[in-house]
Amino acid sequence: MTISYQLKRADFIFKNQNDWEEVLSKSLKRTPQDLINELISSELKGRGGAGFPTGLKWKLTSEISESTKYVICNADEGEPGTFKDREILSMVPFKVLTGMAVCGHVIGAKEGYIYLRGEYFFLLPELNKVIREFDYYCKEINFDFTIRVFMGSGAYICGEETALFESMEGKRGEPRNKPPYPSNYGYMGKPTVINNVETLAHTYTIFKYGAKRFYDLGVQYSRGSKLFSVSGDTPKPGIYELELGMSLADFVDEFGDGDTKAVQVGGASGFLVPRKRFNETAIGFQGKLVGISLPTGGSMMLFNSSRSMFNVLDNYLEFFREESCGQCTPCRVGCQQLLKGIKAVKRGEKNTRYLDKLLRLTETMKLTAKCGLGQSVANSFSSIVENFREEMIY
Amino acid sequence: MYPVSELIKNLADQHGRNRHNLLPILQGVVEQEKYLSEYSMIEIARELDLPASEVFGTATFYSFLEYKKMGKYIIRVCKTITCSMKGKNQILLAIEDMLKIDVGETTPDGVFSLLQTNCLGFCHKAPAMLVNNEVYTDLTPEKVHDILNSYLKKQKEGGSHDN
Amino acid sequence: MTEKIKITINGIVVEVNEGTTILDAARSAGIIIPTLCYHKDLCIAGNCRVCVVEIAGQKRLAAACATPCEEEMEIFTNSLNVLHSRKEIIELLLSEHNADCTSCFKNGNCELQKLASDYKILKQDFIRLVPFKKYSIDKYSPSIIKDDSKCIRCQRCVRTCAELQGINALTVAYKGDQMKITTFFEKPINDVVCSTCGQCINHCPTGALVERNYIEKVWDAISDKTKHVVVQTAPAVRVGLGEELGFGPGERVTGKMVTALKRLGFDAVMDTDFTADLTIMEEGTELLTRLKRALVDHDPEVKLPMATSCSPGWIKYMEHIFPEFIDHLSTCKSPQQMFGALVKTYYANARNLDPEKIVSVSIMPCTAKKFEASRPEMHSSGYRDVDYVLTTRELAIMIKQAGIDFMKLEDSHFDRIMGESTGAAVIFGATGGVMEAALRTVYELVTGRDIPFKNLNIKPVRGIQGVREATIRIENPLTEWAFLDGVELKCAVAHGLVNAKKVMDSIKSGESDYHFVEIMACPGGCLGGGGQPIPTNPEIRRKRSEAIYAEDAGMPIRKSHQNPEIIKIYKDFLENPLSEKSHHLLHTHYTPRERF
Chain U
1 MTISYQLKRA DFIFKNQNDW EEVLSKSLKR TPQDLINELI SSELKGRGGA GFPTGLKWKL
61 TSEISESTKY VICNADEGEP GTFKDREILS MVPFKVLTGM AVCGHVIGAK EGYIYLRGEY
121 FFLLPELNKV IREFDYYCKE INFDFTIRVF MGSGAYICGE ETALFESMEG KRGEPRNKPP
181 YPSNYGYMGK PTVINNVETL AHTYTIFKYG AKRFYDLGVQ YSRGSKLFSV SGDTPKPGIY
241 ELELGMSLAD FVDEFGDGDT KAVQVGGASG FLVPRKRFNE TAIGFQGKLV GISLPTGGSM
301 MLFNSSRSMF NVLDNYLEFF REESCGQCTP CRVGCQQLLK GIKAVKRGEK NTRYLDKLLR
361 LTETMKLTAK CGLGQSVANS FSSIVENFRE EMIY
Chain C
395 MYPVSELIKN LADQHGRNRH NLLPILQGVV EQEKYLSEYS MIEIARELDL PASEVFGTAT
455 FYSFLEYKKM GKYIIRVCKT ITCSMKGKNQ ILLAIEDMLK IDVGETTPDG VFSLLQTNCL
515 GFCHKAPAML VNNEVYTDLT PEKVHDILNS YLKKQKEGGS HDN
Chain A
558 MTEKIKITIN GIVVEVNEGT TILDAARSAG IIIPTLCYHK DLCIAGNCRV CVVEIAGQKR
618 LAAACATPCE EEMEIFTNSL NVLHSRKEII ELLLSEHNAD CTSCFKNGNC ELQKLASDYK
678 ILKQDFIRLV PFKKYSIDKY SPSIIKDDSK CIRCQRCVRT CAELQGINAL TVAYKGDQMK
738 ITTFFEKPIN DVVCSTCGQC INHCPTGALV ERNYIEKVWD AISDKTKHVV VQTAPAVRVG
798 LGEELGFGPG ERVTGKMVTA LKRLGFDAVM DTDFTADLTI MEEGTELLTR LKRALVDHDP
858 EVKLPMATSC SPGWIKYMEH IFPEFIDHLS TCKSPQQMFG ALVKTYYANA RNLDPEKIVS
918 VSIMPCTAKK FEASRPEMHS SGYRDVDYVL TTRELAIMIK QAGIDFMKLE DSHFDRIMGE
978 STGAAVIFGA TGGVMEAALR TVYELVTGRD IPFKNLNIKP VRGIQGVREA TIRIENPLTE
1038 WAFLDGVELK CAVAHGLVNA KKVMDSIKSG ESDYHFVEIM ACPGGCLGGG GQPIPTNPEI
1098 RRKRSEAIYA EDAGMPIRKS HQNPEIIKIY KDFLENPLSE KSHHLLHTHY TPRERF
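Residue numbers (our numbering), protein chains in the order written: chain U, 1 to 394; chain C, 395 to 557; chain A, 558 to 1153.
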């Protein structure tokens, strides 16, 4: 039985932002509880890849009694194949700032930061201009909220929320132990809401049009629309806003080059879906859909039959080996073992049964790694090795 | 261009002297000097009253905070999956051929350094590279030639304004 | 009032305080979860992932050291998932580790080795990673050897140097597979700001950090018939040595230690405690001299407070971090160095020996003493005053190598003329001990009476608090010391360099008005020193401390100035404290060093 959710385009994110002043001032007149309820009923989930319910996040942080709190926009977009946040910050930055300011109103924060990855330094002049204008307006309407940009310096792991806090505190970006969670203990040890750029842009849509408009898109457990960054073997690379819940088969029909062998959903930390599974895979968050439902930051990379899956996996493992913070044993040593392992199998230095040992290793990494990076290596490793085992062998 | 110790003092005045001000200060020094020397790190440690080892440990964590001497223009070619698929190696070969250096090296005249980096966020326009803070996409060997030549020209014209 | 909550571990119901970690809760139920990066002295890291446990209802395993218990949590420490994961993590660590145990100094006392043994990692299929890395061994320091190839990156050394000592000689650098523990720009540890205290060695679970060992050199000296080898033993050694040789922590093995040393073949076994008493005489007099200059002469140049100078880790720390205050340090050498200088002069004379044939060895709970012995100015005897320094651990190794059944040994006495000591000397091994010893002597010197504390136990300067203060009021002094009448002598004691900084900061800011401060570089004082048996933790140090004070209470003489050998050395050789001879042999100067 195939899933027949169609590929549906949506058009909220990049639609005009000119009414941001109105959206902001109207939202600030509402009570925090009212705004939280709106977000919760919209069922918006984080768009950075982790998919945590945004309304709930704002609610938990607002309930902590602490005079100093922070709102942080996670613009450390580093997942391979993801480039949507850059586009949002270039085209509709006021939506993001508005989202941050409303969050500040809801949780009781007076300071907001945008953690911008170092590679996007060229965005800074324009972004600073926008922020100046935003700050000016906030002063005009007597709203005490200042936004600053904090530049990253080339570390993928700083996209992890607690590593981001560490980086902002002037330290190495090493993820912290959780619990405590950011809503209790975040930046500088204070309650913090940290949201992805796209998530904040969606809150703008919700506050402007109301939860129902957002909720009506998508499917159960995966409401609303999402930006997808499409690249690889496709005639239509670019950024597309689509409703969640679509089937991968429909996606490939639209974006593939006719010879699509596999699609990497969610970047290097995501899953590789082979052609034979396109029909039974939907793009959304875990729920009761038939088949596999995959959460994602929106990175969609298409590979046609000319691509070697071994090279693909090798590339991912190289990436993880370099970008891991190196703190915890399973990730630091595990990534090295996986990379060397597949190379050894490919060269015939190790038996193919060694691949099974490596698969078991990724299971251990999934269970024991300290943060999402180590935990997610298993995703791409197992999906590639299990579906393209023949390409891993000498 | 300030001498380094003066630069560091100015940066500390501008950002603050707390631990959480460390990263902007490190970035400020790299912006002007292109890298963090032993001397710079010790001066930063002195200014912020931090152990020198902490400055070193923090700086070496971040790929863009170089601690070895770098050229005036640092080329960072993306090597993650899509750029690799779309011809990153040809781009590298073209650069290596033109500048006569390998990845990780700096030209003897100190103008260019060549490095590889991870996903720059321009996968739909791969292959891509950074030269200092400028992004160049949809690269071909010919385009790369032109880009690097424009930097050489800027360098010859005594371009003290760089990005 | 912390709430109590109920949790279940392996089916056992346990009631704990809210916020207790799973690791502690398990221990209270008699379940021991293995750990590597966890250490009682340090903050929680949660990075080795060896202590992972399964919690019902959670997909991933949690680190027991870093996860607080919650009401009705159901925890499994030995489920199949846990056992399998734990074994795999140990196997991963071994693949990144130079597992050539038979040629490693920590063979037999390595936590990774123990884990591999407990979990029987018989099959190790992972690719060995060590050959692919450019590892180096740093052997430049006289005290510490750092071997990267054995590091498991638990970061215990980094946390120790940061939290306990506040020096940060070691840091974590780079990321990913390049991540390693190193120094500023990977320089040899000798070339960076390091106090050589060796606390990093005490806290390292493997052989990545060990002391520079001189065992072979000492065996050579002992076997050389032409050499007269003299050994001195520090006070803290006698309450720690037993732990390496079959006793529990805090066992007093003084007599057995002397017998063992004699059996090893040393020509004379004498006691550092003797020169500890001597230090009190010299330092006490120096303090009184400074007080006179301050209160009578009103000399603006006099430096108060005066700080003790027997801890070489503390000295090096001062030289780097507070060089402008080094004149506050007492000019007295440490007991070890005083002993070394006297062995090749006073002792050589008395025994008619050629000082050139004397080899001076010391057994210390300390690695900084190795550095101290190598300081260029420590040559007052005309020769290098102390030739070799062995840690307590190294001595234990020699005793085992000699096939001595330590537990069955009879007690012996130290040799004359530098072997007698007092209770005041033995307490040098504990934090607060030097202060207490000095006060016992100074007070009596000045007033002619015993210091008014029951049994001479000056409780206010004892204990484990980081910084302790005491004020001693001088009343009705002898006429010679009339200027001290009514003076409240303000004293401070600190242990652990992070607490030393607190004291120095308060002196620098003018906030405090101490006259005399005692600083020990190591937590607990010398009994917790960098050369003491591993492992170390607050409980073990407490037991060693109790042993030291018990040793003091049991000595017939408890004040330094009443030590007959001390009286003799002044009569026969030194004349009086701060005499010219004393200055030449027993006092020293310091060297300001780079701050970074």
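Note that beta-carbon positions come from the ideal geometry of N, C-alpha and C, so glycine has one too. Nothing here was measured: the structure is a model prediction, and the numbers come from that model.
Asked, Found
"If contacts are defined as beta-carbon pairs under 8 Å, then A:I527 and A:L593 qualify, I think. What distance do you get, rounded to the angstrom?", "Outside the displayed range of chain A (558 to 1153) lies residue 527 of chain A, so it cannot be described from this structure."
"Does any CB atom of chain A fall closer than 7 Å to the CB of C:T454?", "yes"
"Under 6 Å from any heavy atom of the ligand GTP, does the C-beta of A:M1061 make it?", "As for the ligand GTP, it is missing from this structure, which has no ligand bound."
"Determine, using beta carbons only, whether U:G374 comes closer than 7 Å to chain A.", "no"
"Does DSSP put A:E1026 in a helix, a strand or coil?", "strand"
"I need the DSSP call for U:P235, collapsed to helix, strand or coil.", "coil"
"Would a C-beta distance cut-off of 7 Å place U:V96 and U:V197 closer than the cut-off?", "yes"
"Going by beta carbon distance, what residues of the same chain come within less than 6 Å of A:C751, once the five residues before and after it are set aside?", "A726"
"Can you name, in chain order, every residue of its own chain whose Cβ lies under 7 Å from the Cβ of A:H1140, other than the five neighbours on each side?", "none"
"DSSP puts U:Q264 in a beta bridge; with which residues?", "U:L272, U:M301"
"What does C:A488 touch in chain U if you count any residue whose Cβ is under 7 Å from its own?", "None at all; the shortest Cβ gap to chain U is about 21 Å."
"Listing by chain order, which chain U residues have their CB less than 7 Å from the CB of C:Q421?", "M151, S153"
"Exposed or buried, which one is U:S65 when buried takes at least 16 other CB atoms within 10 Å?", "exposed"
"Among U:G55, U:N177, U:A75, which has the Cα closest to the Cα of U:I107?", "U:G55"
"Check whether the Cβ atoms of A:Q622 and A:A582 sit closer than 7 Å, and answer yes or no.", "The sequence as given places Cys at residue 622 of chain A; Gln does not occur at that position. Their beta carbons are not under 7 Å apart, which means A:C622 does not touch A:A582 by this criterion."
"Determine the direct distance from the alpha carbon of A:L1135 to that of A:F742, and round the result to whole angstroms.", "44 Å"
"At what residues does the beta strand (DSSP E) containing A:E611 begin and finish?", "609-612"
"Quick check: A:M827 and A:G976, are their CB atoms within less than 7 Å of each other?", "yes"
"On the criterion of 16 or more Cβ atoms from any shown chain inside 10 Å, does A:A817 qualify as buried, or is it exposed?", "buried"
"Okay, do the stretch 1099-1109 of chain A and the stretch 792-799 of chain A touch, 3+ Cβ pairs below 8 Å being the bar?", "yes"
"Residues in the same chain with beta-carbon distance under 7 Å from A:G807, minus the five sequence neighbours each way, listed in chain order, please.", "V796, K1100, R1101, E1103, A1104"
"Use the C-beta contact count for U:L7: other C-beta atoms within 10 angstroms, 16 or more gives buried, fewer gives exposed.", "buried"
"So what does DSSP say about A:A1236, is it helix, strand or coil?", "Residue 1236 of chain A cannot be examined here, being either before or after the span of chain A that is shown, 558 to 1153."
"With C-beta atoms as the reference, is U:E323 less than 7 Å away from U:I157?", "yes"
"Are the stretch 325-341 of chain U and the stretch 729-738 of chain A touching by the rule of at least three beta carbon pairs closer than 8 Å?", "yes"
"Counting only beta-carbon atoms, is U:L367 nearer than 7 Å to chain A?", "yes"
"For the beta strand (DSSP E) containing A:H1052, list its first residue and its last residue.", "1045-1052"
"At the 7 Å Cβ level, is A:D734 part of the contact set with chain U, yes or no?", "yes"
"Is the beta carbon of A:H1118 closer than 7 Å to that of A:T998?", "yes"
"Anything in the stretch 454-486 of chain C with a Cβ closer than 7 Å to a Cβ of chain A? List those residues in chain order, please.", "T454, F455"
"Classify U:T162 as buried or exposed, calling it buried when 16 or more other Cβ atoms lie within 10 Å of its own Cβ.", "buried"
"Closest to A:N567 by CA distance: which of A:R606, A:V610, A:T577, A:D598 is it?", "A:V610"
"Any beta-carbon of chain U closer than 7 Å to the one on C:L514?", "yes"
"In or out: A:I1124 buried (at least 16 other Cβ within 10 Å) or exposed?", "exposed"
"Could you tell me which of U:N387, U:E349, U:A201, U:L164 sits nearest to U:Y185, measuring between CA atoms?", "U:L164"
"Can you give the Cα-Cα distance for A:I513 and A:K926, rounded to whole angstroms?", "There is simply no residue 513 of chain A to check, as chain A begins at 558 and stops at 1153 in what is shown."
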